[in-house]
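Residue 180, in the UniProt record's numbering, is where the sequence shown stops; the numbers in between run on with no holes. Ideal placement from N, C-alpha and C gives every residue a C-beta, glycine not left out. Reviewing the structure listed below.
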Amino acid sequence: MEIRKLIHFTSDQLGEFGYTSRYKYDVHRQQQDDKISIVLELVQLENEYVKTYQDDQNDIDRYEELLPLGYSFGAYENDELIGVIIGEPQMWNNTVLIWELRVSSEYRRRNIGTALMNQVVEMARENGLRAIRLETQNYNVPAIMFYNQCGFMIEGIDLSFYTNTDVENGEVALFLTKKL
Numbered sequence: 001m002e003i004r005k006l007i008h009f010t011s012d013q014l015g016e017f018g019y020t021s022r023y024k025y026d027v028h029r030q031q032q033d034d035k036i037s038i039v040l041e042l043v044q045l046e047n048e049y050v051k052t053y054q055d056d057q058n059d060i061d062r063y064e065e066l067l068p069l070g071y072s073f074g075a076y077e078n079d080e081l082i083g084v085i086i087g088e089p090q091m092w093n094n095t096v097l098i099w100e101l102r103v104s105s106e107y108r109r110r111n112i113g114t115a116l117m118n119q120v121v122e123m124a125r126e127n128g129l130r131a132i133r134l135e136t137q138n139y140n141v142p143a144i145m146f147y148n149q150c151g152f153m154i155e156g157i158d159l160s161f162y163t164n165t166d167v168e169n170g171e172v173a174l175f176l177t178k179k180l
């Protein structure tokens with residue numbers, strides 16, 4: 001497997017994407033006069049949660065614009081693209097925002113995601129950036145565990161990132177950061 005700068009990619013090169021989880025973080029918000037708290041509680045699901053995504057052409061176009069910035073890499077096996085990480089430097093706060101990390105399903109659990117993330121971390125350090133940031137969902141516990149293993153910590157929660165009823169609908173945005 002070889003990691004190299006990503007110059008171009010199409011969504012069909014990596015196939016379907018999404019995740020399966022047997023757990024989620026329940027989100028509880030409590031507010032009193034002198035205290036506001038948001039608690040994440042890991043709970044096991046009765047049924048496996050399966051989330052699939054469709055690539056949107058607007059996303060692909062946006063990613064194509066980010067590739068020349070130098071924080072996007074591909075993992076290749078015999079010149080076949082098997083994983084990507086799309087990053088964008090945020091110079092106003094000296095961070096890199098990860099827009100996408102995806103590994104083809106048949107190549108998962110082979111440390112390809114870790115290798116891609118390490119490449120972005122190395123590039124960010126070389127350029128004096130202070131942190132890597134990303135977003136995922138409270139149902140995506142496998143990703144949260146992966147990001148924790150890579151040194152990320154949950155540092156933010158947005159209760160209305162996707163819709164005005166995220167908490168009621170059960171899917172809440174979590175923001176993770178790895179400080180460099």
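*Completely contained alpha helix (DSSP H) runs for the stretch 33-92, where each covers 4 or more residues*: 57-66
*Distance, Cα to Cα, Gly151 vs Tyr71?*
18 Å
_According to DSSP, is Arg125 part of a helix, a strand, or is it coil?_
helix
_Beta-carbon proximity of Glu171 to Asn148, cut-off 9 Å_ = no
*What is the rounded straight-line gap between the Cα of Glu135 and the Cα of Ile98?*
8 Å
*Just the Cα atoms here: how many angstroms apart are Ile86 and Phe146?*
17 Å
*When the Cα atoms are used, what is the spatial distance from Ser37 to Glu155?*
14 Å
*Note down the Cα distance separating Val43 from Glu65, rounded to an integer number of angstroms.*
39 Å
*Cβ shell of Lys51 (< 6 Å), same chain only, five flanking positions each side left out*: Gly18, Tyr19
*Going along the chain, which residues of its own chain have a beta-carbon closer than 7 Å to the beta-carbon of Arg109, five neighbours each way excluded?*
none
_Residue of Tyr107, Asp26, Phe9 minimising C-alpha distance to Gln57_ = Phe9
*Compare the C-alpha of Leu180 against each of Pro142, Tyr49, Asn164, Ile132 and name the closest.*
Ile132
_What would DSSP say about Tyr139, mapped onto helix, strand or coil?_
coil
_Thr163 - DSSP class collapsed to helix/strand/coil_ = coil
*Count the other CB atoms, across all protein chains shown, that sit within 10 Å of the CB of Lys178; report buried if there are 16 or more and exposed otherwise.*
buried
*asked:* With H, G and I counted as helix, E and B as strand and the rest as coil, what does DSSP make of Glu106?
replied: helix
*Could you tell me the distance, in whole angstroms, from the CA atom of Gln54 to the CA atom of Asn140?*
17 Å
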